[in-house]
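Novice:
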Amino acid sequence: MRRSSLSHSGGLCCSSRSSAWVTALSRNSCGAAGRKIPSFFAAVAGFIAVEDAGRGLSLAGWSLTARTVSFQPMVTLSFATGTEPGKWLRRYTERTGHPALDAAAADDPVARLLNGAADAALVRLPDRRVEERAGELHRVVLYEEARGVGVPAESVYALAGGPIDAADIAGETCHYRPTPSGDVDPAKVRELLPVVAAGVGVVVAPFPLVRQLAGRRVAALKYRDDSVPQTSIALVWPKEKDSPAIQDFVGIAKGRTANSTRLERPKKRSAREKTLAKQARRAARAKPKGRRRGRR
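Numbering (UniProt numbering), first residue to last: 1 to 296.
Put into structure tokens, the structure is as follows:
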């Protein structure tokens, strides 16, 4: 049995190994009702607990109904501003036996990936840093982004709707557009869209990014201009961090269905495991409480 440290205050410190004993606890010396370890334990530790049947134990004045708990580390995902991976995250949770991904948007997910703050990232390409580390990173391109432009919501362009061409806005002040190499700065787009909202000029950027940041007074439109570099969204992660969990998320992002045999599905307890768990619960309820000693 892998060791854990347990205090009378009910605290639990699990070892760094892949499993430990976690239990419902009750204090014999005071006859207090059993109480479970707070559900936020897994969230704080960054792990998910998977229960298995066990047997009753007693330790340092506590009555323990023990269950073996294995811990699976949560995968941290950073996704580029303008991407919306919500449906992938839901399908991942519903279809696999892995913990839910710890996902958050970032203007620069590549930086978070490279500094170790994220295990995987949905990034906007091209990105020089990803190219320079091609030997260290896995990269799966998922889709190309449409070019976009942000215009004042009450402008003639917005009222006309539909895609517009470069010639249509040739006379407008363009406050921002991607660099010739294709780099996009979401923070700069966010900063300059309020100028467009005031009725002055336009901002050119990937359409999903403009649409997400636009607000009420800016209309996001598709933009046809081959001089603007094409951008794409890719899932990138370090080769050293490759895992079944990440591979399953890649498959879902690429359209793998719920019937795929390549997904790691939630493990169901066998009939024997269910019986042992029921017996353990009954034994815990039937165990007599310790007597308090009187004064002599």
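All C-beta atoms, glycine included, are put in the ideal place defined by N, C-alpha and C.
Every value quoted in this text rests on a predicted model; they were computed, and no experiment measured them.
Decide if Ala219 is buried, meaning its Cβ has at least 16 other Cβ atoms within 10 Å, or exposed.
Specialist: Buried, because 16 or more other Cβ atoms sit within 10 Å of the Cβ of Ala219.
Novice: At 4 residues or longer, what runs of the alpha helix (DSSP H) sit wholly inside the UniProt domain "LysR substrate-binding" (192 to 254)?
Specialist: 207 to 213 and 244 to 253, all fully within the UniProt domain "LysR substrate-binding" (192 to 254).
Novice: Would you mind stating whether Phe249 and Tyr92 have Cβ atoms separated by less than 7 Å?
Specialist: In this structure, Tyr92 lies closer than 7 Å to Phe249 by Cβ.
Novice: Since I believe Pro163 is in contact with Val196 (beta carbons under 8 Å), could you give me their beta-carbon distance rounded to a whole number of angstroms?
Specialist: Between Pro163 and Val196 the Cβ distance is about 18 Å, and since that is not below 8 Å, they are no contact.
Novice: Using the Cα positions of Ala120 and Ser243, report the straight-line distance between them to the nearest angstrom.
Specialist: So the alpha carbons of these two residues sit roughly 11 Å apart.
Novice: What alpha helix (DSSP H) runs, 4 residues minimum, are completely inside the segment 107 to 177?
Specialist: DSSP runs (the alpha helix (DSSP H)) wholly in the segment 107 to 177: 109 to 114, 128 to 132 and 156 to 160.
Novice: State yes or no: is the C-beta of Leu192 within less than 7 Å of the C-beta of Val184?
Specialist: It is not a contact, given that the beta carbons lie outside the stated cut-off.
Novice: Is Val141 near Ala234, with beta carbons less than 7 Å apart?
Specialist: Yes, they are a contact pair.
Novice: Please return the same chain residues whose Cβ sits closer than 8 Å to the Cβ of Asp225, not counting the five positions on each side in sequence.
Specialist: The answer, listed in chain order, is Arg147, Asp165, Ala166 and Val204.
Novice: As a quick exercise: from Trp88, Arg281, Ala104 and Leu137, pick the residue whose alpha carbon is nearest that of residue 297.
Specialist: The chain is shown from 1 up to 296; residue 297 falls before or after that span and cannot be answered.
Novice: Pick helix, strand or coil for Pro180, following the three-state DSSP scheme.
Specialist: It is coil, neither helix nor strand.
Novice: Name, in chain order, the residues that DSSP records as bridge partners for Asp185.
Specialist: Per DSSP, none; premise fails for Asp185.
Novice: For Ala100, which three-state DSSP category applies?
Specialist: In this structure, Ala100 counts as coil in the three-state DSSP scheme.
Novice: Going by CA-CA distance only, name the one from Ala170, Ala134, Val130 and Glu136 that's closest to Val149.
Specialist: It is Ala170.
Novice: For Ala53, count the other beta carbons within 10 Å of its own beta carbon; 16 or more makes it buried, fewer makes it exposed. Which is it?
Specialist: For Ala53, the predicted model reports a pLDDT of 44, less than 50, meaning its position is unreliable; a value from the coordinates is still stated below. Buried, by the Cβ-count rule.
Novice: Leaving out five residues before and five after Pro85 in sequence, what residues of the same chain have Cβ atoms less than 8 Å from its Cβ?
Specialist: Excluding positions up to five away in sequence, the list reads Leu77, Phe79, Ala103, Leu122 and Ala253.
Novice: Can you pull the DSSP bridge partners for Ala105?
Specialist: DSSP lists Phe79 as partners of Ala105.
Novice: Roughly how many whole angstroms lie between the Cα atoms of Ala106 and Gly201?
Specialist: Approximately 26 Å, taken between the alpha carbons.
Novice: At the level of alpha carbons, what is the spacing between Glu51 and Pro109?
Specialist: Residue confidence for Glu51 is low, a pLDDT of 44 falling below 50, so the modelled location carries little weight; the figure read from the coordinates is stated next. Between Glu51 and Pro109, the C-alpha separation is close to 34 Å.
Novice: Which of helix, strand or coil does DSSP assign to Lys94?
Specialist: First, the amino acid is wrong: residue 94 is Glu here, not Lys. Reduced to three states, the DSSP call for Glu94 is helix.
Novice: Relative to the alpha-carbon of Val236, which residue among Arg124, Met74, His98 and Gly97 has its alpha-carbon at the smallest distance?
Specialist: For Val236, the nearest C-alpha among the options comes from Arg124.
Novice: Nearest-angstrom Cα distance between Phe207 and Arg129?
Specialist: Answer to the nearest angstrom: the Cα atoms are 23 Å apart.
Novice: For the putative contact between Val189 and Leu159, defined by C-beta atoms under 8 Å, what is the C-beta separation to the nearest angstrom?
Specialist: Not quite, the Cβ-Cβ distance comes to about 23 Å (not below 8 Å), so this is no contact.
Novice: Taking the CB atoms as reference points, tell me whether His98 and Lys239 lie closer together than 7 Å.
Specialist: Cβ distance not < 7 Å, so His98 and Lys239 don't count as in contact.
Novice: Please determine, among Gly82, Glu94 and Ala100, the residue with the shortest C-alpha to C-alpha distance to Val75.
Specialist: When only C-alpha atoms are compared, the closest one is Ala100.
Novice: Does the Cβ of residue 328 have 16 or more other Cβ atoms within 10 Å, making it buried, or fewer, making it exposed?
Specialist: Nothing can be reported for residue 328, as the shown portion of the chain is limited to 1 through 296.
Novice: With C-beta atoms as the reference, is Pro186 less than 7 Å away from Thr81?
Specialist: Their beta carbons are under 7 Å apart, which means Pro186 touches Thr81 by this criterion.
Novice: What's the C-alpha gap between Pro180 and Ser227?
Specialist: Whole-angstrom Cα-Cα distance: 8 Å.
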